[in-house]
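What follows is a short report on a single structure.
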Amino acid sequence: MTNYFLPVWIGALILLILIVQIPATAIVLSRLFKALNRHFPLEPHRPTPDLLGMVSVVVPTLNEAARISPCLSGLSRQSYEVREILVVDSNSTDGTGEMVQTTAQRDPRFRLITDDPLPADWVGRPWALHTGFLHSSPKSEWVLGVDADTQPSPALAATLVKTAIAQGYDLISLSCQFILKYPGELWLQPALLITLIYRFGPPDTHPTSPERVMANGQCFLCRRSVLEAMNGYTSAKGSFCDDVTLARHVAARGYKVGFLDGANLLKVRMYDGFRDTWEGWGRSLDLKDASSVAQLWGDLGLLLAVQGLPLPILVLSLGCWRFLPLSNPLVLILLGLNLFWLTVRFALCGAITSAYDLSVAQGKWIFWLSPLADPLAVVRLFISASRKPTQWRGRVYP
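Take 328 as the starting number for the sequence shown in this note's numbering and just add one per residue.
Structure below.
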């Protein structure tokens, strides 16, 4: 029979882990249960005459020639609700500007703007968006920021504006459907996405405070009057997660902010392979520029407890099972709790499948092994939270 007793130091370590994991379990489960009351992904709406000329679209670019074509094509298929499409380019050297000018010959709503040199206290993306906002028509009631790597549905702008008006939103951003292709990203990217779900819950779950607001700058619709009141994007000028930073500032001013499921309206091909995903998406996913120090490290501690530790604990226990006192209550609780979280994580693979387009994926089955990348995803966030980015989208920052 296995010994009932534990060495004192092992018992203390297990107790310490449980003291962290049990409250973290309650917090994360409360967020996951909110998914039971969330709405389905937005369905496309047809434009109506009352929307005529309501929207100015702003697209920030820097050397996007390899991936901007689907975005330009999708935006050109927006209907009469879109007054203008301003592509703000930061002196690309790969032919991005020429591609935009070619599109403008077919669709006069497109206009290419080159932004001024980047000020020392700005990050490139919010600077480009701010430039686009300043150059946009004051007749447009809404400003829609769209990233160059997205693939918009023809109904995107009309659906966003109709939803915002019907539900009284001042700012809406959408989660999108990720296009995954290579095995490395199929394994790592879902684990990184889960870190957001554990921290903030699924889209459209209505946070209780501005500090818990989420946003996605890949598709970011805001009332012009709100942007004017916020002095454009200046409140997020130094942020590498400018979307979340601005959305939280807007929410703190009392405006209604929504983060909705846009899987039916927007696809995105962000990064190629494991390394690109690790370096690119992992760099800003910690959201430290939009969070207090306490919130950031509290969230990271929570992720460590429910996402980073379960797999290592179970693997270590499996290797040492002959020496574990399985009749000890602390050991049973530890193993049961971590097995529970690993089971939840595999179940969440099924829950998040609508967030992915795997039609071109190589080795689709690897997606279902993404829970095995969870400890690595948590490590990536700890690394990111400890460092200030020095490079971003081709720019170097001091």
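Positions of the beta carbon are idealized from the N, C-alpha and C atoms, including for glycine.
Which residues share a DSSP beta bridge with residue i?
i, result
"K594", "Q478 and Q504"
"I412", "V384 and F437"
"L277", "Outside the shown range of the chain, which is 328 to 725, sits residue 277, and nothing can be said about it."
"Q718", "V723"
"I499", "L548 and G585"
Quick one: what does DSSP say residue i is sitting in, helix, strand or coil?
i, result
"G338", "helix"
"R539", "helix"
"C546", "strand"
"I679", "coil"
"D588", "strand"
"T329", "With a pLDDT of 49 at T329, under the threshold of 50, the predicted position of this residue should be treated as unreliable, though the coordinate-derived value follows. Here T329 sits in coil by DSSP."
"L471", "strand"
"D570", "helix"
"L359", "helix"
"L726", "Outside the displayed range of the chain (328 to 725) lies residue 726, so it cannot be described from this structure."
"L343", "helix"
"D616", "helix"
"D421", "coil"
"L685", "coil"
"I349", "helix"
"D377", "helix"
"H533", "coil"
"H576", "helix"
"R365", "coil"
"S406", "coil"
"A393", "coil"
"G690", "coil"
"T670", "helix"
Would you kindly check if the distance between the Cβ of residue j and the Cβ of residue i is under 8 Å?
i, j, result
"A351", "A563", "no"
"C546", "V473", "yes"
"V415", "V386", "yes"
"C568", "S611", "yes"
"G585", "K361", "no"
"V553", "L641", "no"
"A484", "I395", "no"
"L685", "L638", "no"
"P397", "Q516", "no"
"M381", "E411", "no"
"H490", "L369", "Sequence check: residue 490 is Thr here, not His. A contact, by the Cβ cut-off of 8 Å."
"L593", "L708", "no"
"V540", "A482", "no"
"S480", "P334", "no"
"A688", "K508", "yes"
"G544", "D570", "yes"
"H462", "G559", "no"
"T572", "D616", "yes"
"I344", "L669", "no"
The beta strand (DSSP E) spanning residue i covers which residue range?
i, result
"G401", "It is not in any beta strand (DSSP E) - G401 instead sits in the alpha helix (DSSP H) that spans S396 to S403."
When you compare only the Cα positions, how much space is there between residue i and residue j?
i, j, result
"H366", "Q504", "16 Å"
"T388", "L614", "22 Å"
"L653", "Q348", "19 Å"
"M597", "I506", "8 Å"
"L399", "V488", "20 Å"
"Q634", "P656", "23 Å"
"P716", "P453", "15 Å"
"R373", "G459", "26 Å"
"N364", "T429", "46 Å"
"P435", "L379", "16 Å"
"D377", "N591", "23 Å"
"G663", "N418", "56 Å"
"A542", "T522", "15 Å"
"M328", "L513", "In this prediction, M328 has a pLDDT of 43, which is less than 50 and means its spatial position is unreliable; nothing more can be read from the coordinates."
"L636", "A682", "25 Å"
"E538", "Q432", "44 Å"
"I440", "E425", "12 Å"
"P465", "R551", "8 Å"
"W624", "V706", "13 Å"
"L696", "L666", "16 Å"
"Q494", "P530", "16 Å"
"S357", "S406", "41 Å"
"P446", "R580", "26 Å"
"E391", "T420", "9 Å"
Hey, is residue i close to the ligand COA, as in C-beta under 7 Å from one of its heavy atoms?
i, result
"W514", "This structure lacks the ligand COA; in fact it carries no ligand of any kind."
Could you give the first and the last residue of the continuous alpha helix (DSSP H) run that contains residue i?
i, result
"V705", "D701 to A712"
"L513", "P510 to F527"
"P637", "P637 to G646"
"G459", "G451 to H462"
"V553", "R551 to A556"
"S611", "G600 to S611"
"L487", "L483 to Q494"
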